[in-house]
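This report concerns only the one structure given below.
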Amino acid sequence: MFPIRAKVKKAQSENSKVSLLTLDISLPDAKPGQFVMAWLPDAGDEKPMSIAEIKPSLQLAIARAGPCSTKMADLAVGEELYVRGPFGKPYGPEGKKWLMVGGGYGFAPLRFMARLGIEAGAQVESINGARSKDLLMKAAPGVNHVTTDDGSAGLRGTVLTALEPLLKEKKFDCVYCCGPEKMMKAVALACQKSGVRSQLSVERYMKCGFGVCGHCAMGGWLSCIDGPTIDGEAALANPEFGAFHSDKAGRKIKY
Ligand SMILES: Cc1cc2nc3c(=O)[nH]c(=O)nc-3n(C[C@H](O)[C@H](O)[C@H](O)COP(=O)(O)OP(=O)(O)OC[C@H]3O[C@@H](n4cnc5c(N)ncnc54)[C@H](O)[C@@H]3O)c2cc1C
Numbered sequence: 000m001f002p003i004r005a006k007v008k009k010a011q012s013e014n015s016k017v018s019l020l021t022l023d024i025s026l027p028d029a030k031p032g033q034f035v036m037a038w039l040p041d042a043g044d045e046k047p048m049s050i051a052e053i054k055p056s057l058q059l060a061i062a063r064a065g066p067c068s069t070k071m072a073d074l075a076v077g078e079e080l081y082v083r084g085p086f087g088k089p090y091g092p093e094g095k096k097w098l099m100v101g102g103g104y105g106f107a108p109l110r111f112m113a114r115l116g117i118e119a120g121a122q123v124e125s126i127n128g129a130r131s132k133d134l135l136m137k138a139a140p141g142v143n144h145v146t147t148d149d150g151s152a153g154l155r156g157t158v159l160t161a162l163e164p165l166l167k168e169k170k171f172d173c174v175y176c177c178g179p180e181k182m183m184k185a186v187a188l189a190c191q192k193s194g195v196r197s198q199l200s201v202e203r204y205m206k207c208g209f210g211v212c213g214h215c216a217m218g219g220w221l222s223c224i225d226g227p228t229i230d231g232e233a234a235l236a237n238p239e240f241g242a243f244h245s246d247k248a249g250r251k252i253k254y
């Protein structure tokens, strides 16, 4: 529950917008789908960040979305930030044939999940989607399919362009998805149509991270403790999924 001070051991560029920070602390029990609350004392409040890896130590893939995340992503080796966690529900292993579907920085926790799956003997394929080549995340272990909206790398189109034929050709036990909510909704609907299970990771404005403040409420759930990993069917049945999120003050905003 208390912030731990962590030093940046390695700072790598994933793409033109995202940095992969390797910190000098380990969270050996953390699982893919869980997150930490990251804090830079001179940059504002804490921000939720998915756990991108735990080996060799904690990694966070941080996109420059606004002032605070930009300062975090720009941290250099030797500089410090504070983390609390891990929090939230992780992805759960289902069967032995997995498909990862990630958009933007959402691909980072899926790479962690892919590694664990392969080590446990699962067959893992991944769809790595971005708007353009310069925004693509690095590949995951296993078979990778790439899509870009503008066609600058891989298939031209959204992740659906690769997903729909794969769902027809192969029988996956579970599709694991993380990315923009509209994309996740489309993926969950495609999986529902094909009779394939899906697990998604929802993002809501989070403050405490452990179910006390209620800020991340989403149609009867607290996203930080009932999620962020959510069963695809349950998400589709939630009226706020893909429809509304909330801002810093808790005001509802249409997607
Ligand atoms: C469970 C979870 C996991 C996440 N994992 C990652 C990750 O691995 N990498 C990554 O780059 N980003 C991740 N995010 C998003 C990240 O927290 C926000 O992009 C970041 O907080 C932006 O902060 P800012 O001050 O730089 O930008 P702002 O200009 O304040 O906001 C930019 C956007 O980020 C959202 N945001 C701002 N503060 C929060 C907050 N406290 N909680 C949720 N959303 C917020 C805003 O709604 C807005 O859409 C995750 C969010 C959640 C909920």
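The sequence shown begins at 0 in numbering that gives the first Met the number 0 and counts up one residue at a time. Even for Gly, the Cβ is constructed at its ideal location relative to N, Cα and C.
Tell me where the beta strand (DSSP E) around residue i begins and ends.
{"i": "I126", "result": "122-129"}
{"i": "P66", "result": "Looking at the DSSP string, P66 is not in any beta strand (DSSP E); the run it does join, the alpha helix (DSSP H), is 66-72."}
{"i": "Q261", "result": "This structure leaves residue 261 out entirely; the chain is present only between 0 and 254."}
{"i": "P257", "result": "The requested residue 257 does not occur in the structure, where the chain is confined to residues 0 to 254."}
{"i": "P31", "result": "First-last for P31: undefined, no H or E at that position."}
{"i": "S197", "result": "196-200"}
{"i": "K95", "result": "Segment: none, K95 is in no beta strand (DSSP E) and carries neither H nor E."}
{"i": "P2", "result": "Counting along the chain, P2 falls outside any beta strand (DSSP E), and DSSP gives it neither H nor E."}
{"i": "P55", "result": "Per DSSP, P55 belongs to no beta strand (DSSP E) and is neither H nor E."}
{"i": "P89", "result": "Per DSSP, P89 belongs to no beta strand (DSSP E) and is neither H nor E."}
Residue range of the alpha helix (DSSP H) that residue i falls in?
{"i": "M48", "result": "No alpha helix (DSSP H) contains M48, which is instead part of the beta strand (DSSP E) from 46-49."}
{"i": "C212", "result": "Premise fails: C212 is in no alpha helix (DSSP H) and is neither H nor E."}
{"i": "I24", "result": "Unbroken run through I24: none, as it is neither H nor E."}
{"i": "G231", "result": "231-236"}
{"i": "F106", "result": "106-118"}
{"i": "A185", "result": "180-193"}
Please determine whether the Cβ atom of residue i lies at a distance below 6 Å from any heavy atom of ligand 1.
{"i": "Y104", "result": "yes"}
{"i": "S49", "result": "yes"}
{"i": "S68", "result": "yes"}
{"i": "F34", "result": "yes"}
{"i": "Y204", "result": "yes"}
{"i": "G241", "result": "no"}
{"i": "K30", "result": "no"}
{"i": "K46", "result": "yes"}
{"i": "I53", "result": "no"}
{"i": "I61", "result": "yes"}
{"i": "P2", "result": "no"}
{"i": "P227", "result": "yes"}
{"i": "A185", "result": "no"}
{"i": "I5", "result": "Checking the sequence shown, residue 5 turns out to be Ala, not Ile. A5: no, Cβ never under 6 Å from ligand 1."}
{"i": "G213", "result": "no"}
{"i": "G218", "result": "no"}
{"i": "G65", "result": "yes"}
With a cut-off of 8 Å on the beta carbons, I'd call residue i and residue j a contact; round off their distance for me.
{"i": "V174", "j": "V100", "result": "6 Å"}
{"i": "F106", "j": "N127", "result": "5 Å"}
{"i": "F86", "j": "C212", "result": "Not confirmed; about 12 Å, so no contact."}
{"i": "K16", "j": "A62", "result": "5 Å"}
{"i": "Y90", "j": "G141", "result": "Not quite, the Cβ-Cβ distance comes to about 15 Å (not below 8 Å), so this is no contact."}
{"i": "K96", "j": "K170", "result": "7 Å"}
{"i": "G231", "j": "Q191", "result": "7 Å"}
{"i": "L57", "j": "I50", "result": "7 Å"}
{"i": "M71", "j": "A37", "result": "6 Å"}
{"i": "F34", "j": "P227", "result": "6 Å"}
{"i": "R83", "j": "F1", "result": "7 Å"}
{"i": "D225", "j": "R196", "result": "Contact doesn't hold; Cβ gap of about 18 Å is too wide."}
{"i": "A5", "j": "D23", "result": "6 Å"}
{"i": "L26", "j": "I53", "result": "6 Å"}
(Q) My parser needs the beta strand (DSSP E) runs of 3 or more residues fully inside the segment 134-171; what are they? (A) You should have 142-147.
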